[in-house]
Amino acid sequence: MKSNTKLNQLLEQIAQQHLFIDTLETQSSDRLDFHDVSVWAVKAALQAAYEAGLKAAETNTTPIHTQS
Numbered sequence: 003m004k005s006n007t008k009l010n011q012l013l014e015q016i017a018q019q020h021l022f023i024d025t026l027e028t029q030s031s032d033r034l035d036f037h038d039v040s041v042w043a044v045k046a047a048l049q050a051a052y053e054a055g056l057k058a059a060e061t062n063t064t065p066i067h068t069q070s
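Its first residue numbered 3, the sequence shown is counted upward by one per residue in the numbering used here.
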């Protein structure tokens, strides 16, 4: 369960830094749950997630943050 919490924190951090989305929790509001984002922001977020996965594989741990 701990690693799932770290993963959720990492995903939320990536969403905040690259997609400007405050939370990944469902807000039950279209205005808060759906976002317009640029393709370059999506690319940056995917790259950050990929790099975090590479780092985790190298250290055999769950990543807790990404580089921006």
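Built from N, CA and C at the ideal position, the CB exists for glycine as well. Computed from a predicted model, the values in this text were never measured in an experiment.
* To do: Go to residue 58, then tell me how far its alpha helix (DSSP H) extends in each direction, as first and last residue.
  => Judged by DSSP secondary structure, residue 58 falls within the alpha helix (DSSP H) whose first and last residues are 41-61.
Would you report the Cα separation of residue 48 and residue 31, rounded to the nearest angstrom?
The alpha-carbon atoms of residue 48 and residue 31 are separated by roughly 25 Å.
Query raised in the report: Which residue from 20, 28, 57 and 61 puts its Cα closest to that of residue 41?
Result: Ranking the options by Cα distance to residue 41, first place goes to 20.
For residue 34 and residue 54, the rounded distance between their alpha carbons: Cα atoms of residue 54 and residue 34: separation of roughly 26 Å, rounded to the nearest angstrom.
*Considering only residues of the same chain and omitting the five flanking positions on each side of residue 28, which have a CB-CB separation below 7 Å?*
Excluding residues within five positions, the ones whose Cβ falls inside 7 Å are 35.
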